[in-house]
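Residue numbers for the sequence shown follow the numbering used here, beginning at 247 and rising by one.
Heads up, the beta-carbon is just placed ideally off N, CA and C, and yes, glycines get one too.
Worksheet for the structure shown next.
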Amino acid sequence: MGLKTLFTALTLALLATGCASPRLSATDANAYWSGRMAIEVLKEPPETVSAGFELQGSAQTGEMVLLSPIGTTLAVLKWSALGAQLTQGQQQIESSNLQSLGALLTGTELPIAALFEWLAGRPADASGWQVDLSGYAEGKITALRQHPAPGAFLRIALDR
């Protein structure tokens, strides 16, 4: 599924779900984040995916709700050692891991394990990625991947 097709599916899911917005309840404040994120894939023309999010868990097991600007649920990701599942309205996509569903959703590979470290304010190496945590105290995280091509730029604004 291409990024434009996925974006269209997300938009249709938004329309189908109306105002329904299941929210995560933070069971562990150290493993719960919410805010906004944008991922720009640096190709011609650039492709950007952005959404609000609520995230709970770790790279091994967790759940993420993606939200529209008005707070409606666009998609829900759930993952564990047994696999990962993406739910958009009535459609479900299953995979053996979160990495492949993340790539399907965003159009690029994301460093899942490092991402959880970055969200906790800790630097972590990820092949090809350079993270900037200098704005972490204000809830800002940025990361740039220059290789492999196409590059990608990730921006996260955490709610504080």
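*Look up G281 in the DSSP assignment and say whether it is helix, strand or coil.*
Taking the sequence shown and counting its residues from 1, one reaches residue 281 at position 35. Taken through DSSP and simplified to helix, strand or coil, G281 comes out as strand.
*Closer than 7 Å by C-beta to S304: which residues in its own chain qualify, once you throw out the five before and the five after it? Chain order, please.*
For the purposes of this step, residue 304 is taken as the residue at position 58 of the sequence shown. For S304, where only same-chain residues beyond five positions count, the Cβ hits under 7 Å are A277 and F362.
*Endpoints, beta strand (DSSP E) assigned at G308*: Residue 308 sits at position 62 when you count from the first residue of the sequence shown. For G308, the enclosing beta strand (DSSP E) starts and ends at G308 to L313.
*Compare the Cα-Cα distances from E293 to each of S280, E300, A284 and L301 and report the closest residue.*
Here residue 293 corresponds to residue number 47 of the sequence shown, with the count starting at 1. Among S280, E300, A284 and L301, the Cα nearest to that of E293 belongs to A284.
*Look at the alpha carbon of V295 and the alpha carbon of A327, and state the distance between them as a whole number of angstroms.*
The count along the sequence shown starts at 1 and reaches residue 295 at position 49. The count along the sequence shown starts at 1 and reaches residue 327 at position 81. Approximately 27 Å between the Cα atoms of the pair.
*Just reading off the alpha helix (DSSP H) that S346 is part of, what are its end residues?*
One-based indexing of the sequence shown puts residue 346 at position 100. In the DSSP assignment, S346 falls within the unbroken alpha helix (DSSP H) covering L344 to T352.
_Identity of the residue in Q345, W364, G308 and A321 nearest Y382 by Cα_ = Against the sequence shown, residue 382 aligns to sequence position 136. Considering only alpha carbons, the answer is W364.
_Contact under 9 Å by Cβ, G385 with G281_ = Within the sequence shown, the letter at position 139 stands for residue 385. Within the sequence shown, the letter at position 35 stands for residue 281. Contact flag set, yes.
*According to the Cβ coordinates, are L323 and L356 closer than 9 Å?*
Taking the first residue of the sequence shown as position 1, residue 323 is located at position 77. Taking the first residue of the sequence shown as position 1, residue 356 is located at position 110. It is not a contact, given that the beta carbons lie outside the stated cut-off.
*CB A366 to CB V377, shorter than 9 Å?*
What you label residue 366 is simply residue 120 of the sequence shown in a count that begins at 1. What you label residue 377 is simply residue 131 of the sequence shown in a count that begins at 1. No, the pair does not count as a contact, with Cβ atoms beyond the cut-off.
*Going along the chain, which residues of its own chain have a beta-carbon closer than 6 Å to the beta-carbon of L301, five neighbours each way excluded?*
For the purposes of this step, residue 301 is taken as the residue at position 55 of the sequence shown. Non-local beta-carbon contacts of L301 in its own chain, meaning distances under 6 Å to residues more than five positions away in sequence, involve W279 and M310 in chain order.
*Between the C-alpha atoms of A398 and T388, what's the straight-line distance to the nearest angstrom?*
Position 152 of the sequence shown holds residue 398. Position 142 of the sequence shown holds residue 388. Distance between the alpha carbons of A398 and T388: 11 Å.
*Cβ atoms of L344 and W325: under 9 Å apart, would you say?*
Numbered from its first residue, the sequence shown carries residue 325 at position 79. Numbered from its first residue, the sequence shown carries residue 344 at position 98. Their beta carbons are under 9 Å apart, which means W325 touches L344 by this criterion.
*May I have the straight-line CA-CA distance separating P268 from T319, to the nearest angstrom?*
The residue you call residue 268 lines up with position 22 of the sequence shown. The residue you call residue 319 lines up with position 73 of the sequence shown. Note that P268 scores 48 on pLDDT, short of 50, meaning its location in the model is unreliable and no value can be drawn from it.
*Kindly indicate which residue of H393, Q334 and I339 has the alpha-carbon position closest to the one of S314.*
Within the sequence shown, numbered from 1, the residue matching residue 314 stands at position 68. Closest by alpha carbon: Q334.
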